[in-house]
Every structure is written in C-alpha cells, then in structure tokens.
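Participant: The opening residue of the sequence shown carries number 1 in this note's numbering; numbering runs sequentially from there.
Glycine is no exception: its CB is placed at the ideal position from the N, C-alpha and C atoms.
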Amino acid sequence: MKEDRQLLVLTHLSQLLTAITGFGGLIVPLVIWFTKKDENYQIDEQGKKIINFQLSLIVNFIICIPLILLFGLGLLGFIVLGVVSVLYPIINAIKANNGENPTYPFSYNFIN
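Spelled out as structure tokens, the structure:
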C-alpha cells in the first residue's frame, strides 16, 4: 500500500461538488474510495470518514426538515450544516496534504 496525498486532497475536495453542482458530493468520493481502497491505506481510512460524513449530512438535513415547524430551528440547522459541509472538506483537504489525520463533526459511523 502506498500514500498518495494528491488523491486524498482530491477526495476531500470532491465533496464540494454538492455545493457547486447540486450532486456528486457523495458519489465521487464513494467511487474513489471503492476503487482505490485496496491500493492506498489512507484512502481506505479517510474515504470511510468522508462517506460517513456525507451520509450523516443527508440524515441531519432530513432531521432538520420537521424542525422548521418548531420555532424555525430547522432553518438554523440548515445554515449550520451548510457551513460545516463547505468548511470541513477544505480544512480536511489541507490536513490530508500536511499528513495530518482529518476529523469530521456531526458524523455517524455507517461504515467501519
């Protein structure tokens, strides 16, 4: 197994496709992780974190929908999740490029 920091950075930044195009933020990292997980140990480890983060964002956005009726808390949740979904891929791409271990908030473990 080898280390490829450029591919790690690309995998983290590919999550931003959802913010740019409206879709792809889960699909592209999933394809990269699925095809390269056996070749690169860091892609396997960080790819799982990325997939878990993207699935967690979807679940959390769905949870926010009924919360809109409860004093508008859902709108606040949408704003917080929107900011987190843009900032953390950028922060973690920088961490991956520096060889540090990235972390994602609000993330559930769907894939171990």
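(1) Within the continuous alpha helix (DSSP H) that includes glycine 72, where are the two ends?
(2) Could you round the C-beta distance between leucine 17 and glycine 24 to whole angstroms and report it? I think they count as a contact, below 8 Å.
(3) Reducing DSSP to helix, strand and coil, say where threonine 21 ends up.
(4) Please say whether threonine 11 and isoleucine 51 have beta carbons closer to each other than 8 Å?
(5) Judging by CA-CA distance, which residue of Val84, Phe71, Asp4 is the nearest neighbour of lysine 36?
(6) With a threshold of 6 Å on Cβ separation, who are the neighbours of lysine 95 within its own chain once the five nearest residues in sequence on each side are excluded?
(7) Rounded to whole angstroms, how far is the Cβ of tyrosine 108 from the Cβ of asparagine 92, which I believe are closer than 8 Å?
(8) Please list, in chain order, all residues of the same chain as valine 28 whose beta carbon is under 7 Å from its beta carbon, the five residues on each side excluded.
Facilitator: Walking through what the data contain:
(1) Run containing glycine 72: none; DSSP gives neither H nor E here.
(2) 3 Å
(3) helix
(4) no
(5) Asp4
(6) Pro102
(7) The Cβ separation is near 17 Å, so there is no contact.
(8) Ser14, Leu17
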